[in-house]
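Engineer:
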Amino acid sequence: MKFQKIVSAIAALVAPMAVVAKSQDYARHIELSLLFYEAQRSGKLPENNRVYWRHDSLLDAGADNGVDLTGGYYDAGDNVKFNFPGAAALTLLAWSGIDYADGYKEAGQWDYILDAVRWGADYFVKCHTGKNELYVQVGKGATDHGFWYPPEYVQYDHPSYKITAAAPGSEVAGDTASFLAAASILFKDIDSSYSSNLLKHAIEIYDFADSYRGEYIKAVPDAQGFYSNWSGYNDELAFGALWLYRATGESKYMDKFSKIADASYGEQDTKAYGTCTGPISWDDKRPGAYILAAIITGDEKRMKQASWYCDNVLTQPKTPGGLWYDANLSKWASNRYASNAAAMVAMYANYLPSSDSKRSKYVDFVKKQTDYILGDNPAKINYVVGAEANSPKAVHHRGASGTYDSQDTNAKPTDYNIFTLWGALAGGPGPDDEYTDSRKNYEMNEVALDYNAAFQMNLAFLVKEGFNKPDPDSVKIHDRSFPKKADTPDVKVEVTEKTIEISTGSNMMCSSWCIEFTTDYKIEAVHDCIMHQSGPDYIICNRRESNFLDGKGTPQIIKYQGSNGQDPLTINESVVMCDGWHAPQSSHKPVYRPENGRRYKVTGSGGVGNTTPLFEQSECWPAFLCGGSNTTPKTTIKKTTTTTKKSEPTSSSSCFAKSMGYACCSVGTEVVYTDNDGQWGIENGQWCGIGGGQQQQQQEEKCGDYACCSGCESVYVDNDGKWGVENGNWCLIKESKCGGSSAVTCTGMNSGYQCCDTCNVVYTDNDGKWGIMNGEWCGIKSSC
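Per mature numbering (1 follows the signal peptide of the UniProt record, and there is no 0): the sequence shown = residues -23 to -1, 1 to 761.
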């Protein structure tokens, strides 16, 4: 059923939005998710890099073995490129582009999904350095996890590791073949020569995986502590064979798949092909093979297996708030595994005819899991970073943290990240829906390539299905929204007899800083900071322990010693560089990279009006997104079609806002804000008035954050109470008014569907009888 749940927003016309619950703007979240993948990029970044705080990194990847392994994606909050989970995640992204292309196009994100897949495919092709030679990891996890450095400033060794015929790795090679084969399908009608090259590599890599079998952790022991393959490599070989069959149509690949799928396994063999009821994951590809085999063959046996799997997924435990939860897996990133489980159900539902009685249940399951993540949960948290004001702010990520060491209480500024890791899906809540937004809590607050992959698949599926409901523009205006509004330049420099004090205001934060000034005053030494360059043209930067500029006026103090007999130090003009400097642990040298920083001229003691950017200022960062350059157009989200019917506009005389210079909303426009003037909606990105003003209405009674219903008819019940719908908006039933009156029951009411006003039945399934009201599905009341 394609049901549009009503989203209520509490807004301020001139201020940021405070709280938004239950977003169903799946298109906007696709955009954010793709931004997360851009934030994970390694290597030389393109000119149209949309993540302003990321810069070139690991440009010497592979140099230890004389190969070019630049590019690709960092795995998680660390600076290692683990190809095993990376290929698994990118296979899902490519798969979503193939089968949910309409969803991406409707969301305005088609070019970006192609770009994300191509960025990964280019890297994996580089990794294939010989017919039977494949690089599978760059960076040593055991070393990398001992430092808390952003990728741009890595100084420790980052060796590259490969598998060969003598030291094979069938699981990682099989996954790489799956990804490149899927990517070749995605690009087949877009760039045929590129597609052919990807397929060539996929075929060779799969032959290597199949001919020389073995577990890659024997070739790369470092991977064992991070991504050990617990399910064996048969699942990757089966999945890879299916992708090669889909890409080539050659029956030999179907034969290879069938040999694994139809083999005899022992009753206690946990790796047996047909026994998996868990989610697809970086480790286990069996669920993906169940679904892919069904949809590309249509074979009754494979369809039954896919149905059996999906039915099992739907019956497994959930948290009290409704998140799918696997007791063995979900402790570490529950949102990931709920999304993974839902993704295969969605993919199967995508190929079922609308007449299939199971389809609506499958779609409903996918929607509920996704909506939970977007805020329809007991904690009322949108788990996508940067999506809402209440989204996580302290996910476990070195680059975004803006700090030198998350475990160093002297260097750690606070338990939130200075930079916004837009679109990252935080790990998620525990079994009782509890969640802590802390960088140290990596089980709940880690991020990774594979966390977002299936989640993004589900978003694209829901857009394709017609469920997208764009959030009002006002919902997106908060301090961590995308793109970032440019900082108000506000740097102060105060000089005393023994100190130079630097601070920033107006919420202008700098994760690191340097001050540059010219003076004849001879400074002999500085304390608590580093003299990067001595006089007369001084450059003095923060030491690792001396913390960041917090945007709240907290001074960072340079203690200096000058030669005796001098006039006092005066600084009439200085330049303060925000970021672009890294003061690492004592075992490594500081790094000064002004090309990564933002420099400001400070006149006198500075402050607003006396702080001038020495770069092209624009409305937002990066500048090309909002008029500073024409490198690429601003990313936009198209409003997607829904099942809501259009109405004729109201007459100007029926709207209070007309006299205030605003337009009147069309009939049926949702109320997104109410103030003393009346009720407001948004059309075409502009505020519009709904009906008469408050002076013409009775003051609306509130039940918490929602209006109280005028009647007692309940259409939905949750932990907050009984809900009704009036004027197209959710309202709470007032218990004191309605007492113990029995609620009206109807088909699907506890799944979020409204009750029909009439008894006209248009469709019947296993859930009951359905009608249509205002262009939406509604449940037939039990009284009919």
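Where is the CB? At the ideal position from N, CA and C, for every residue including glycine.
What residue ranges within the segment 509 to 564 form continuous beta strand (DSSP E) runs of no fewer than 3 residues, ordered along the chain?
Structural biologist: 514 to 519, 533 to 539 and 550 to 555
Engineer: Assign residue 762 to buried or exposed, taking buried as 16 or more other Cβ atoms, counted over all protein chains shown, within 10 Å of its Cβ.
Structural biologist: Outside the displayed range of the chain (-23 to 761) lies residue 762, so it cannot be described from this structure.
Engineer: Can you give the Cα-Cα distance for TYR193 and TYR204, rounded to whole angstroms?
Structural biologist: Working through the sequence shown from its first residue, we reach residue 193 at position 216. Working through the sequence shown from its first residue, we reach residue 204 at position 227. One C-alpha to the other measures close to 10 Å.
Engineer: Would you list the one or two residues that DSSP bridges to GLU110?
Structural biologist: Stepping through the sequence shown from its first residue, residue 110 is reached at position 133. Under DSSP, GLU110 shares a beta bridge with GLY107 and THR141.
Engineer: Since GLY539 and GLU501 are thought to touch, with beta carbons under 8 Å apart, how far apart are those beta carbons, to the nearest angstrom?
Structural biologist: In the sequence shown, the residue the question calls residue 539 occupies position 562. In the sequence shown, the residue the question calls residue 501 occupies position 524. With 8 Å as the limit, GLY539 and GLU501 qualify as a contact, their Cβ atoms being about 6 Å apart.
Engineer: Which residues in the same chain as THR413 place their Cβ atom closer than 7 Å to its Cβ, once the five residues preceding and following it in sequence are excluded?
Structural biologist: Here residue 413 refers to the residue found at position 436 of the sequence shown. Here the set comprises MET421.
Engineer: In whole angstroms, what is the alpha-carbon distance linking GLN534 and GLU493?
Structural biologist: Sequence index remark: in the sequence shown, residue 534 carries index 557 (1-based). Sequence index remark: in the sequence shown, residue 493 carries index 516 (1-based). Looking at the sequence provided, one finds Ile at residue 534 rather than Gln. Answer to the nearest angstrom: the Cα atoms are 15 Å apart.
Engineer: Nearest CA to the CA of PRO62: which residue from ALA431, TYR267, GLU227 and LEU300?
Structural biologist: As a working mapping, residue 62 is identified with position 85 in the sequence shown. If we check each option's Cα against that of PRO62, ALA431 comes out closest.
Engineer: Hey, would you say ALA238 sits closer than 8 Å to TYR250, going by beta carbons?
Structural biologist: Position 261 of the sequence shown, counting from 1, holds the residue named residue 238. Position 273 of the sequence shown, counting from 1, holds the residue named residue 250. Yes, the Cβ-Cβ distance between ALA238 and TYR250 is below 8 Å.
Engineer: Using the Cβ count rule (16 or more neighbours within 10 Å means buried), how would you classify VAL452?
Structural biologist: For the purposes of this step, residue 452 is taken as residue 475 along the sequence shown, with counting starting at 1. The residue in question, VAL452, is buried, as its Cβ has 16 or more Cβ neighbours within 10 Å.
Engineer: Buried or exposed: where does THR465 fall if 16 or more other Cβ atoms within 10 Å of its Cβ makes it buried?
Structural biologist: The residue you call residue 465 lines up with position 488 of the sequence shown. The residue in question, THR465, is exposed, as its Cβ has fewer than 16 Cβ neighbours within 10 Å.
Engineer: Within the same chain, show all residues whose beta-carbon is closer than 6 Å to that of GLY298, passing over the 5 residues directly before and after it, in chain order.
Structural biologist: Looking up residue 298 in the sequence shown gives position 321. If the five residues before and after GLY298 are omitted, its C-beta is found closer than 6 Å to the C-beta atoms of ASN354, PRO355 and ASP410, all from its own chain and listed in chain order.
Engineer: Classify PHE124 as helix, strand or coil using the three-state DSSP reduction.
Structural biologist: Translated into positions along the sequence shown, residue 124 becomes position 147. Looking at PHE124 - three-state DSSP - the assignment turns out to be coil, as it is neither helix nor strand.
Engineer: Hey, out of ALA4, SER(-1) and LYS(-2), whose CA is closest to GLY443's CA?
Structural biologist: In the sequence shown, counting from the first residue as 1, residue 443 sits at position 466. Of the listed residues, the one whose Cα sits closest to GLY443 is ALA4.
Engineer: Examine the Cβ distances between the segment 7 to 27 and the segment 90 to 110 and report whether three or more of them are shorter than 8 Å.
Structural biologist: yes
Engineer: Less than 8 Å between the beta carbons of ILE273 and ALA159, yes or no?
Structural biologist: What you label residue 273 is simply residue 296 of the sequence shown in a count that begins at 1. What you label residue 159 is simply residue 182 of the sequence shown in a count that begins at 1. No, the pair does not count as a contact, with Cβ atoms beyond the cut-off.
Engineer: Who are TRP598's beta bridge partners in DSSP?
Structural biologist: By one-based count along the sequence shown, residue 598 stands at place 621. Looking at the DSSP assignment, TRP598 forms a beta bridge with LYS461.
Engineer: For ARG375, report the span of its alpha helix (DSSP H) as first-last.
Structural biologist: Looking up residue 375 in the sequence shown gives position 398. 375 to 378 is the extent of the alpha helix (DSSP H) around ARG375.
Engineer: Does the structure place the segment 276 to 284 close enough to the segment 214 to 226 that three or more beta carbon pairs sit under 8 Å?
Structural biologist: Verdict: no, contact absent.
Engineer: Name the two residues that bound the continuous beta strand (DSSP E) containing PHE494.
Structural biologist: Start at 1 with the first residue of the sequence shown, and residue 494 comes out as number 517. That run of the beta strand (DSSP E) goes 490 to 495.
Engineer: Measuring alpha carbon to alpha carbon, tell me which residue in SER316, ARG336 and ILE358 is nearest GLN433.
Structural biologist: Taking the first residue of the sequence shown as position 1, residue 433 is located at position 456. Among SER316, ARG336 and ILE358, the Cα nearest to that of GLN433 belongs to SER316.
Engineer: Using 8 Å as the threshold, is the segment 77 to 96 in touch with the segment 128 to 140, meaning 3 or more CB pairs across them?
Structural biologist: no
Engineer: Taking the beta carbon of PHE459 as the centre, do at least 16 other beta carbons fall within 10 Å, making it buried, or is it exposed?
Structural biologist: For the purposes of this step, residue 459 is taken as the residue at position 482 of the sequence shown. Burial call: buried.
Engineer: Alpha carbon to alpha carbon, how far is ALA66 from LEU91? Give it in angstroms, no decimals.
Structural biologist: Walking along the sequence shown from the start, residue 91 turns up at place 114. Walking along the sequence shown from the start, residue 66 turns up at place 89. One C-alpha to the other measures close to 15 Å.
Engineer: Taking the continuous alpha helix (DSSP H) assigned at ALA218, which residues delimit it?
Structural biologist: Counted from its first residue, the sequence shown places residue 218 at position 241. Here the alpha helix (DSSP H) through ALA218 covers 211 to 225.
Engineer: With 16 other CB atoms within 10 Å as the buried threshold, where does CYS641 fall?
Structural biologist: Here residue 641 refers to the residue found at position 664 when the sequence shown is read from its first residue. Buried: at least 16 other Cβ atoms inside 10 Å.
Engineer: Taking Cβ positions, are VAL290 and ALA318 nearer each other than 8 Å?
Structural biologist: Counted from its first residue, the sequence shown places residue 290 at position 313. Counted from its first residue, the sequence shown places residue 318 at position 341. It is a contact, given that the beta carbons lie within the stated cut-off.
Engineer: Identify, in the order they occur along the chain, each residue of the same chain with its Cβ nearer than 6 Å to the Cβ of residue 764, setting aside the five sequence neighbours on each side.
Structural biologist: Because the chain is modelled from -23 through 761, residue 764 falls outside the range shown and cannot be assessed.
Engineer: What are the residues that DSSP puts in a beta bridge with ALA371?
Structural biologist: In the sequence shown, the residue the question calls residue 371 occupies position 394. Answer is none; ALA371 lacks a bridge partner.
Engineer: Which residues bound the beta strand (DSSP E) around VAL322?
Structural biologist: Walking along the sequence shown from the start, residue 322 turns up at place 345. In this chain, VAL322 is not harboured by any beta strand (DSSP E); it is covered by the alpha helix (DSSP H) spanning 311 to 328.
Engineer: Using a 10 Å radius around the Cβ and a threshold of 16 neighbouring Cβ atoms, would you call VAL585 buried or exposed?
Structural biologist: Locating residue 585 in the sequence shown gives position 608, counting from the first residue. Under this definition VAL585 is an exposed residue.
Engineer: Kindly list the residues whose CB is nearer than 7 Å to the CB of LEU9, restricted to its own chain and excluding five residues on each side of it in sequence; keep chain order.
Structural biologist: Along the sequence shown, read from residue 1 onward, the residue named residue 9 stands at position 32. Result list for LEU9: VAL361, GLY363, ALA364, TRP399, GLY400 and PHE459, in chain order.
Engineer: Which residues share a DSSP beta bridge with HIS504?
Structural biologist: Walking along the sequence shown from the start, residue 504 turns up at place 527. Per DSSP, LYS536.
Engineer: How many Å lie between MET321 and VAL343 at the Cα?
Structural biologist: Counting from 1 along the sequence shown, the entry for residue 321 is found at position 344. Counting from 1 along the sequence shown, the entry for residue 343 is found at position 366. The straight-line gap from Cα to Cα measures roughly 9 Å.
Engineer: Can you give me the Cβ contacts of TYR171 inside the same chain, cut-off strictly under 7 Å, excluding the 5 residues immediately before and after it?
Structural biologist: In the sequence shown, residue 171 corresponds to position 194, counting from 1. Here the set comprises PHE164.
Engineer: Can you give me the Cβ contacts of ARG520 inside the same chain, cut-off strictly under 8 Å, excluding the 5 residues immediately before and after it?
Structural biologist: The count along the sequence shown starts at 1 and reaches residue 520 at position 543. Here the set comprises ASP505, CYS506, ILE507 and ALA560.
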